[in-house]
Each structure stands twice: as C-alpha cells, then as structure tokens.
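Trainee: First the structure, then my questions, so here it is.
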Amino acid sequence: MNLHEFQAKEILSSYGVNIQRGIVTSSSKDVNLIAKKLQKNTNTKFFVVKAQIHAGGRGKGGGIKLVKNFKELDEVSTKILGMNLVTPQTSSLGKKVNQILICEDVYYPGKNPISEIYISILLDRKLGKNIILYSPEGGMDIEEVAEKKPHSIFKEIIDPSLGLLPFQARKISFNLNLTGNSYKEMVNFISKLYNAFINSDASLFEINPVLKTSDDKIIAVDAKVSIDDNALFRNSKISEMRDLREENNDEVEARMYGLNYIKLDGNVGCMVNGAGLAMATMDIIKLAGGNPANFLDVGGTADSNRIENAFKIILKDKNVKVLLINIFGGIVRCDVVAKGIVDAYNNLNNIQVPLVVRLQGTNAIEAKKIIDDSKLNVFSVVKFKEAADMVNKILN
389 MNLHEFQAKE ILSSYGVNIQ RGIVTSSSKD VNLIAKKLQK NTNTKFFVVK
439 AQIHAGGRGK GGGIKLVKNF KELDEVSTKI LGMNLVTPQT SSLGKKVNQI
489 LICEDVYYPG KNPISEIYIS ILLDRKLGKN IILYSPEGGM DIEEVAEKKP
539 HSIFKEIIDP SLGLLPFQAR KISFNLNLTG NSYKEMVNFI SKLYNAFINS
589 DASLFEINPV LKTSDDKIIA VDAKVSIDDN ALFRNSKISE MRDLREENND
639 EVEARMYGLN YIKLDGNVGC MVNGAGLAMA TMDIIKLAGG NPANFLDVGG
689 TADSNRIENA FKIILKDKNV KVLLINIFGG IVRCDVVAKG IVDAYNNLNN
739 IQVPLVVRLQ GTNAIEAKKI IDDSKLNVFS VVKFKEAADM VNKILN
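Residue numbering for the sequence shown follows the working numbering, beginning at 389 and increasing consecutively.
In structure tokens form, the structure reads like this:
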C-alpha cells in the first residue's frame with residue numbers, strides 16, 4: 389500500500405524523524421489560512437505547494453512550486469488542485485490531484501551551504517536482509533546519478549535479527565561527507581528512520597531529498613513510503629490511510645472479492661490459481677506471441693461465485709481478445725472449477741471472447757468432460773503448450 393507524502397511524514401514524525409513541516413488541504417479556499425498558521429509555527433518566509441499523488445517526479449511535472457507571497461499561493465494552489473498531473477512515473481493521462489500539501493521553505497539562506505542527500509530503505513529479497521541505499525548527491529536527478537555515477541551510490545546491509553548497529557549509522561554519516569553537528573544529526577536521523585521502517589511494516593522508505601540545512605540540521609523534505617499489505621492487520625491506523633482514489637478501480641473491486649488482480653496492457657486475459665503458476669502462464673503467453681492483459685490469482689478455494697466475479701473483472705477490459713484459464717487442482721478440485729466456469733459463463737450471458745481452459749490435477753478428467761459437454765465457446769486443453777498454441781491460433 390502506497391502512502392501520500394503527508395501521510396509518510398506523519399509516520400516519520402511519530403518516530404522522531406525531523407521533517408519539513410506542512411499542512412494538507414483539498415480546498416484552495418483554505419490555503420491562506422493554512423499558510424498563516426504555518427508561518428506562525430515555523431517562521432517560514434516562503435511556502436512550497438506540493439501535489440499529493442502516488443507517483444514520483446512531481447517536481448518535473450509541475451506539481452511542486454515555491455511561492456513567495458499569498459497572492460502567488462492562491463494562484464498556484466488553484467492551478468495544481470484538480471489538475472491531471474503527468475510525471476515520468478504516471479501514464480500519459482496523469483493522475484488527478486485531490487490534495488495539496490502546503491509546506492514551510494527549508495531552503496533558506498545561511499552562512500553554511502546546504503546539500504541534498506538520497507536515502508532509501510528496502511528489503512533485498514535475495515539476501516533476506518534490509519538494505520539502506522544512500523548517496524550524497526540526492527535530488528530530482530538521482531536516477532541520472534545512479535546511471536552515470538554509480539560510485540556515488542552506497543549500500544549498507546542490515547541483518548534484521550540485529551537491526552541497525554551504531555557503527556553502521558556512523559559509517560553512513562561519514563560516507564555522506566558530513567562533519568560536526570550535521571554528522572551527529574545524521575547518525576540520529578538514520579537510526580530513527582530505520583526504527584520507523586521496521587515498526588510500520590514498510591517495504592520501502594525513500595527520502596529524496598534529505599536536506600542538510602544551512603544550520604547543519606538534517607530534515608526529510610520528501611518521503612515515499614510503501615507498506616506491506618500483508619501486515620496491515622497489525623496497524624489499523626496505517627490501514628486507514630489507504631486512498632482508494634489513487635488505485636485502479638478494478639483492482640479495488642477485485643480485492644473486495646478476495647481476488648489478487650493487477651491490470652496490464654495486453655490482449656490475453658488470465659485466470660489462474662497461485663502466484664507462481666500465474667507468472668508462468670504470463671511467460672508462456674508472451675512466448676506464444678500474445679501479451680497478458682492482467683495478473684489474476686483466484687486463490688486455492690475458487691468457487692462458482694469467485695470465478696464469476698473474476699470473469700466480470702477481466703472482461704471489463706475491452707482489450708481482452710481471449711481468456712486463458714489455467715488451474716492446477718490441488719486444494720480445489722478441477723471438476724468444481726469446471727462447473728464454476730460453466731455456471732459463470734451461463735450467468736453472464738455476454739461473454740464475447742473465446743475461452744481456453746486448462747485444468748490439471750485432482751479430478752482433471754471429470755473437469756475436461758464437464759467443459760467439453762457444455763457446448764460453450766470454450767476450448768479445453770491438457771498441456772501447457774497446447775494452451776499457449778491455442779491462444780496464439782485464436783489471436784491470429
């Protein structure tokens with residue numbers, strides 16, 4: 389589950405991480421009042437208006453603006469709220485901005501230079517350990533830094549059974565070329581940041597930029613946080629932060645039915661049980677010359693109702709030219725799935741695309757007979773390659 393910047397900062401602040409302070413709003417009428425309140429609490433001279441969407445690169449798309457007076461604040465806020473913001477991480481249609489964050493300006497001049505730092509924490513699944521990626525060259529062009537200056541990207545591997553050790557926090561601060569008070573601030577910052585990452589059950593923390601201010605303070609100016617969906621039951625407060633407006637409507641509906649569904653851009657609908665089989669099915673579709681239109685895992689307890697709901701969601705996609713159902717009957721019997729397919733087909737009455745069905749495992753022979761006797765526009769196959777070849781034949 390992805391969070392907005394203001395929600396991510398709320399979590400960081402609760403663990404003592406210094407953040408760029410701000411107030412969120414969904415109405416441009418409130419911005420001057422918010423700015424005055426922020427000015428009173430922070431003594432900021434200028435303000436930063438930030439679009440709140442689940443995508444990076446907002447600054448490059450015009451979704452982050454520095455304003456220097458209240459008139460400009462009104463104009464910028466009105467322009468950003470409600471716009472479809474297109475960034476390097478959105479589609480060409482962009483994402484609608486429903487909320488903006490009015491922030492203090494932390495880039496004020498001082499006797500010491502400021503610098504932007506990149507820090508992220510994530511799980512390395514291959515190692516089975518957490519890693520902290522960091523660079524003294526943070527900011528909007530961090531991808532370019534990673535490509536052209538890989539030596540500027542550092543990695544610290546954290547054993548989850550030990551946690552972040554004090555010497556590792558000091559090493560990170562040293563590699564970021566910090567000295568004096570900013571060195572001590574970073575050691576404290578990184579320790580609290582890692583604590584927030586662990587205790588919020590996050591799969592990703594990306595703070596870009598982390599700012600070393602002119603008075604040697606360390607502040608999280610931006611924050612991108614993803615929470616592990618499987619751990620949401622442990623934290624109802626974070627679960628309530630979910631913004632369904634930022635998610636695909638069909639994916640939200642699928643979740644309600646207990647289906648694991650991800651929309652893709654292809655022409656072959658997929659209905660499979662088990663994530664591993666789903667990935668293999670998508671691979672063989674590509675090898676056969678097609679393109680998967682979705683990832684859909686009906687789970688190990690697929691019944692008629694769940695299969696019918698899966699049909700409805702897949703067939704909403706007008707790009708789907710053929711639907712491949714690939715089920716391995718282990719926990720669920722193949723004949724039960726076959727009956728569910730036939731019932732769903734008859735109940736919907738509007739299935740215009742051909743179905744390729746492969747059912748293997750418990751009661752597979754009985755399942756094939758049910759499909760063959762249904763007299764429906766369904767092609768029953770036995771082998772994996774047969775399924776792929778049939779899909780290719782239908783598409784061509």
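We put the CB at the ideal spot given by N, CA and C, even for glycine.
Quick check on the DSSP output: what are the complete alpha helix (DSSP H) runs of length 4 or more inside the stretch 572-636, in order along the chain?
Mentor: Whole alpha helix (DSSP H) segments, 4+ residues: 624-627.
Trainee: Determine, using beta-carbon pairs with one atom in the stretch 656-674 and one in the stretch 507-517, whether at least three such pairs fall under 8 Å.
Mentor: Counting Cβ pairs under 8 Å, fewer than three are found: no touch.
Trainee: According to DSSP, is Pro-680 part of a helix, a strand, or is it coil?
Mentor: Translated into the one-based positions of the sequence shown, residue 680 becomes position 292. Pro-680 falls in the strand class under three-state DSSP.
Trainee: Need the endpoints of the alpha helix (DSSP H) that Asp-731 sits in, please.
Mentor: Locating residue 731 in the sequence shown gives position 343, where the first residue counts as 1. That run of the alpha helix (DSSP H) goes 722-736.
Trainee: With respect to the alpha helix (DSSP H) encompassing Glu-535, which residues constitute its N-terminal and C-terminal limits?
Mentor: Working through the sequence shown from its first residue, we reach residue 535 at position 147. That run of the alpha helix (DSSP H) goes 530-536.
Trainee: Who are the Cβ neighbours of Ala-611 in its own chain at under 7 Å, not counting the five residues just before and after it?
Mentor: As a working note, residue 611 is residue 223 in the sequence shown. Cβ neighbours of Ala-611 beyond the five flanking positions: Glu-393, Ala-396, Lys-397, Leu-400 and Ile-595.
Trainee: Tell me, which residues are paired with Glu-460 by DSSP?
Mentor: Residue numbering aside, residue 460 sits at position 72 when the sequence shown is read from its first letter. In DSSP, Glu-460 forms no bridge with anything.
Trainee: Quick check on the burial criterion: 16 or more other C-beta atoms within 10 angstroms. Buried or exposed for Ile-719?
Mentor: Position 331 of the sequence shown, counted from the first residue, corresponds to residue 719. Counting Cβ neighbours within 10 Å, Ile-719 comes out exposed, since fewer than 16 surround it.
Trainee: Measuring straight from C-alpha to C-alpha, what distance separates Pro-554 and Tyr-571?
Mentor: Your numbering for residue 554 matches position 166 in the sequence shown. Your numbering for residue 571 matches position 183 in the sequence shown. Computed Cα separation, rounded: 13 Å.
Trainee: Identify the continuous beta strand (DSSP E) that holds Leu-747 and give its terminal residues.
Mentor: The residue labelled residue 747 in the question sits at position 359 within the sequence shown. Here the beta strand (DSSP E) through Leu-747 covers 743-749.
Trainee: Exposed or buried, which one is Arg-633 when buried takes at least 16 other CB atoms within 10 Å?
Mentor: Residue 633 sits at position 245 when you count from the first residue of the sequence shown. Exposed, because fewer than 16 other Cβ atoms sit within 10 Å of the Cβ of Arg-633.
Trainee: Locate the alpha helix (DSSP H) running through Phe-394, then write down its first and last residues.
Mentor: On the sequence shown, residue 394 is found 6 positions in, with the first residue counted as 1. Where Phe-394 is concerned, the enclosing alpha helix (DSSP H) stretches over 393-402.
Trainee: Would the stretch 472-482 and the stretch 445-460 be scored as touching if the rule is three or more Cβ pairs under 8 Å?
Mentor: Touching, per the Cβ criterion.
Trainee: Excluding five sequence neighbours on each side, which residues of the same chain lie with their C-beta closer than 7 Å to the C-beta of Asp-631?
Mentor: Reading the sequence shown from its first residue, position 243 is the one you call residue 631. Excluding residues within five positions, the ones whose Cβ falls inside 7 Å are His-392.
Trainee: Here's the rule: buried if 16 or more other CB atoms are within 10 angstroms of the residue's CB, otherwise exposed. What is Ile-753?
Mentor: Position 365 of the sequence shown holds residue 753. Exposed: under 16 other Cβ atoms inside 10 Å.
Trainee: Taking 7 Å as the limit between beta carbons, can you name the residues of its chain near Val-455, skipping five residues before and five after?
Mentor: Taking the first residue of the sequence shown as 1, we reach residue 455 at position 67. Same-chain partners within the cutoff: Phe-434, Phe-435, Val-437, Leu-461 and Val-464.
Trainee: Alpha carbon to alpha carbon, how far is Ser-508 from Glu-531? Give it in angstroms, no decimals.
Mentor: What you label residue 531 is simply residue 143 of the sequence shown in a count that begins at 1. What you label residue 508 is simply residue 120 of the sequence shown in a count that begins at 1. Glu-531 and Ser-508: Cα-Cα distance of roughly 13 Å.
Trainee: Can you tell me which of the three DSSP states Ser-479 falls into?
Mentor: Numbered from its first residue, the sequence shown carries residue 479 at position 91. Residue state, collapsed to three classes: coil.
Trainee: From Gly-527 to Gly-444, what distance separates their C-alpha atoms?
Mentor: Within the sequence shown, residue 527 is the residue found at index 139, counting from 1. Within the sequence shown, residue 444 is the residue found at index 56, counting from 1. In a straight line, the C-alpha of Gly-527 is about 12 Å away from that of Gly-444.
Trainee: Using 8 Å as the threshold, is the stretch 698-712 in touch with the stretch 637-646, meaning 3 or more CB pairs across them?
Mentor: Touching, yes.
Trainee: Touching or not, the stretch 480-495 and the stretch 577-588, by the rule of three or more beta carbon pairs under 8 Å?
Mentor: Not touching, per the Cβ criterion.
Trainee: For Met-471, report the span of its alpha helix (DSSP H) as first-last.
Mentor: As a position in the sequence shown, residue 471 is number 83, starting the count at 1. Counting along the chain, Met-471 falls outside any alpha helix (DSSP H), and DSSP gives it neither H nor E.
Trainee: Terminal residues of the continuous beta strand (DSSP E) containing Gly-717?
Mentor: As a position in the sequence shown, residue 717 is number 329, starting the count at 1. Per DSSP, Gly-717 belongs to the beta strand (DSSP E) from 710-717.
Trainee: For the stretch 738-755 and the stretch 706-713, state whether three or more C-beta atom pairs, one from each stretch, are separated by less than 8 Å.
Mentor: Yes, the stretch 738-755 touches the stretch 706-713.
Trainee: Between the C-alpha atoms of Pro-365 and Thr-432, what's the straight-line distance to the nearest angstrom?
Mentor: One cannot answer for residue 365 here, as it falls past the ends of the chain, which runs 389 to 784.
Trainee: Am I right that Ile-673 and Ala-726 are in contact with their C-beta atoms under 8 Å? What's the rounded C-beta distance?
Mentor: To locate residue 673, count along the sequence shown from 1; it is residue 285. To locate residue 726, count along the sequence shown from 1; it is residue 338. Their Cβ separation, rounded to whole angstroms, is 21 Å, which puts Ile-673 and Ala-726 out of contact at 8 Å.
Trainee: In three-state terms, what does DSSP make of Lys-674?
Mentor: Mapped onto the sequence shown, residue 674 falls at position 286. Three-state DSSP puts Lys-674 in a helix.
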